[in-house]
Amino acid sequence: MDGSRLKVLYISTGYTTHDYRFLTSFEQAGWAPTHVPLLDERLETRSLPDGCREVRSLAEETASGGSWRERRNQLARIIADLRPGVVIAGPIQSGAFLAALARARPLITVSWGTDLLVDADATPLSRFVTQYTLAASDAVFGDCQAVREAVRRNSRIADERIVTFPWGIDLLRFRPGASSLSLRDELGWGANEVFISTRSWEPVYAIAVLLRAFAGVAQRRPTARLLLLGDGSQKREIRSLVTELGLGRFVHMTGRVDYTLLPDYFRASDIYVSSALSDGTSVSMLEAMACGLPVIVSNSFGNLEWVEEGVNGSLARPGDADSLAAAMSALIDNRETRSAMGATNVVTVGSRANWDVNFSALERLVEDVTSADGAG
32 MDGSRLKVLY ISTGYTTHDY RFLTSFEQAG WAPTHVPLLD ERLETRSLPD
82 GCREVRSLAE ETASGGSWRE RRNQLARIIA DLRPGVVIAG PIQSGAFLAA
132 LARARPLITV SWGTDLLVDA DATPLSRFVT QYTLAASDAV FGDCQAVREA
182 VRRNSRIADE RIVTFPWGID LLRFRPGASS LSLRDELGWG ANEVFISTRS
232 WEPVYAIAVL LRAFAGVAQR RPTARLLLLG DGSQKREIRS LVTELGLGRF
282 VHMTGRVDYT LLPDYFRASD IYVSSALSDG TSVSMLEAMA CGLPVIVSNS
332 FGNLEWVEEG VNGSLARPGD ADSLAAAMSA LIDNRETRSA MGATNVVTVG
382 SRANWDVNFS ALERLVEDVT SADGAG
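For what it's worth, the working numbering labels the leading residue of the sequence shown as 32, then goes sequentially.
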């Protein structure tokens with residue numbers, strides 16, 4: 032790598048679509064990024080961007096059962112070898128905490144939403160880890176106002192060192208149009224009302240709540256259908272629940288789908304729904320909005336910055352299947368309302384969630400932090 036380029040050490044849980052987006056933008060900014068995953072978990076099918084290195088020794092240390100001390104020492108060795116100009120790390124209680132323990136400087140901590148909005152106050156230990164990490168951070172980057180407020184509650188970081196913008200999406204890829212998939216015809220769903228969920232099958236996304244809510248909707252409206260994308264650690268429980276609720280012919284479970292196909296899955300659907308217990312700015316929600324779908328999400332945290340009840344979607348109480356079912360039923364009954372909401376969402380996302388435009392705020396933060404630290 033060109034020694035004159037800013038070396039960026041980027042630490043994240045695994046390798047996801049979000050990580051690909053960050054690393055690609057780092058490269059496009061003229062930086063030299065190195066990715067250090069904490070786990071051997073690859074949810075993104077695309078290879079690392081050209082010019083980006085990956086160091087997997089920390090993931091190997093984690094897989095072998097290494098303690099926090101051993102992982103800290105491993106990261107310290109990586110930092111000593113690479114000598115980065117800046118370390119960008121998250122989530123707070125894992126990647127950023129490890130970077131703080133390894134005395135990485137300058138350190139920009141990235142909040143992934145739930146780490147600050149839920150996990151920070153889960154236990155006294157988590158609160159200590161959160162505050163310790165933020166105290167060691169030179170700046171923080173988050174995707175919504177709720178995250179910014181949580182940073183303020185848990186640290187003394189100067190306001191100008193807290194950068195907030197929605198992570199945004201690729202508006203050239205996610206846009207309204209006809210789906211290239213023949214999925215609805217193959218399933219015999221041509222005349223059905225189709226909900227779509229793209230969240231991982233993990234506890235925070237409460238897929239079981241969604242299924243129980245949908246069961247109530249389908250009982251009243253037998254033409255309703257649900258596209259359930261993804262999988263996760265609760266795969267066995269979710270599949271069992273589909274059978275238990277008698278939803279086999281109402282729900283189609285695709286497994287994980289290639290990122291390049293996601294827009295066509297949205298275009299093959301009528302309503303996006305998420306049962307997540309907490310969200311910052313949900314990228315999957317923005318992707319659905321950009322494709323012209325109305326959205327149903329929980330009335331918490333970052334969602335309230337994007338969704339106005341009755342205007343571009345509907346809000347439900349987190350973890351409440353009855354509340355979610357009521358919101359789903361209200362939208363399924365009114366095609367004209369859904370169409371108007373979808374049109375509003377296309378305009379909203381186009382004006383506020385352009386990743387290429389928003390990323391410049393993070394560029395300025397990195398330049399400010401590295402200049403103050405004397406790095407380059």
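Glycine included, C-beta positions come from ideal geometry on N, C-alpha and C.
Which residues in the same chain as residue i place their Cβ atom closer than 6 Å to its Cβ, once the five residues preceding and following it in sequence are excluded?
i, result
"Arg127", "Note on identity: in this sequence residue 127 is Ala, with Arg being the wrong assignment. Ala120, Gly121, Thr140 and Thr164, listed in sequence order."
"Asp399", "none"
"Ser35", "none"
"Glu257", "The displayed chain sequence assigns Leu, not Glu, to residue 257. Only Phe226, Phe245 and Val282 meet the Cβ criterion."
"Gly263", "Ser231, Trp232 and Glu233"
"Met284", "Leu259"
"Gln265", "Trp232"
"Ser315", "Thr229"
"His49", "none"
"Asn389", "Phe196 and Gly199"
"Trp408", "With the chain represented from 32 up to 407, any question about residue 408 goes unanswered, as that position is not in the structure."
"Pro60", "Note that residue 60 corresponds to Ala in the displayed sequence, not to Pro. Here the set comprises Glu394."
According to DSSP, what are the bridge partners of residue i?
i, result
"Glu421", "Given that the chain is displayed from residue 32 to residue 407, the structure contains no residue 421 and the question cannot be resolved."
"Thr140", "Ala120 and Val171"
"His49", "Beta-bridge pairing links His49 to no other residue."
"Pro64", "Val39"
"Val282", "Leu257"
"Glu340", "Gly344"
"Arg73", "Tyr46"
In chain order, what residues of the same chain have a beta carbon less than 8 Å from the beta carbon of residue i, not counting five sequence neighbours either side?
i, result
"Ile302", "Glu224, Val225, Phe226, Ile227, Leu324, Pro325, Val326, Ile327, Met359, Leu362, Ile363 and Arg369"
"Val182", "Ser142, Leu147, Leu165, Val171, Gly173, Ile188 and Ile193"
"Gly279", "Val273"
"Glu180", "none"
"Asp169", "Arg136, Pro137, Leu138, Ile139, Arg192, Val400, Ala403 and Asp404"
"Gly381", "Leu202 and Ala321"
"Ser374", "Going by the sequence as given, residue 374 is Ala instead of Ser. So the list reads Gly323, once near-sequence residues are dropped."
"Ser254", "It is Thr, not Ser, that sits at residue 254 in the sequence shown. Excluding positions up to five away in sequence, the list reads Ala222, Asn223 and Glu224."
"Leu396", "Ile139, Ala170, Phe172, Arg192 and Val194"
Report, in whole angstroms, the separation of the C-beta atoms of residue i and residue j, which I expect to be a contact under 8 Å.
i, j, result
"Tyr296", "Glu75", "With 8 Å as the limit, Tyr296 and Glu75 do not qualify as a contact, their Cβ atoms being about 17 Å apart."
"Leu37", "Val118", "Going by Cβ atoms, the distance from Leu37 to Val118 rounds to 12 Å, so no, they are not a contact pair."
"Ile269", "Ala239", "7 Å"
"Tyr13", "Arg73", "Nothing can be reported for residue 13, as the shown portion of the chain is limited to 32 through 407."
"Asn343", "Asn376", "5 Å"
"Leu40", "Pro115", "4 Å"
Please return the same chain residues whose Cβ sits closer than 7 Å to the Cβ of residue i, not counting the five positions on each side in sequence.
i, result
"Tyr236", "Arg230, Ser306 and Ala307"
"Arg102", "Leu89, Glu92, Thr93 and Leu129"
"Ala133", "Arg103, Leu106, Ala107 and Ile110"
"Glu318", "Ile200, Phe205, Leu293 and Phe297"
"Gly261", "Thr229, Arg230, Ser231, Trp232 and Arg287"
"Leu79", "Leu54, His66 and Glu85"
"Ala209", "Arg298"
"Ser125", "Thr44 and Leu69"
"Gly407", "Its pLDDT being 41, under 50, Gly407 is placed unreliably by the model, and the measurement read from it follows with that caveat. For Gly407, where only same-chain residues beyond five positions count, the Cβ hits under 7 Å are Leu37, Gly116 and Thr401."
Between residue i and the ligand COA, is there a pair consisting of the residue's CB and a ligand heavy atom that are separated by less than 7 Å?
i, result
"Arg102", "Although the ligand COA was asked about, the structure shown includes no ligands whatsoever."
Subject >> Segment contact flag, the segment 329–341 with the segment 172–187, C-beta cutoff 8 Å, min 3 pairs >> reply: A contact is defined here as three or more CB-CB pairs under 8 Å, and the segment 329–341 meets this definition with respect to the segment 172–187.
Subject >> Contained alpha helix (DSSP H) runs [length at least 4] in the segment 350–404, N- to C-terminal order >> reply: You should have 352–363, 366–383 and 386–404.
Original post:
So, do the segment 311–323 and the segment 96–112 have three or more beta carbon pairs nearer to each other than 8 Å?
Top reply: No contact exists between the segment 311–323 and the segment 96–112.
Subject >> Minimum length 3: unbroken beta strand (DSSP E) runs contained in the segment 298–335 >> reply: Considered as a whole, the segment 298–335 harbours 302–304 and 326–329 as its complete beta strand (DSSP E) runs of no fewer than 3 residues, in chain order.
**OP:** Evaluate the contact criterion for the segment 339–352 versus the segment 233–248: three or more CB pairs, one atom per stretch, below 8 Å.
**Re:** Proximity of the segment 339–352 to the segment 233–248 meets the contact definition, three or more beta-carbon pairs being nearer than 8 Å.
Original post:
Touch check for the segment 261–275 and the segment 379–386: three-plus C-beta pairs under 8 Å?
Top reply: Result no; under three Cβ-Cβ pairs closer than 8 Å.
**OP:** Note down, one range per segment and in chain order, each beta strand (DSSP E) of at least 3 residues found wholly within the segment 183–244.
**Re:** Listed in chain order, they are 193–195 and 224–228.
**OP:** Jot down the residue ranges of each uninterrupted beta strand (DSSP E) in the segment 75–132, minimum 3 residues, whole runs only, in chain order.
**Re:** Runs found: 117–120.
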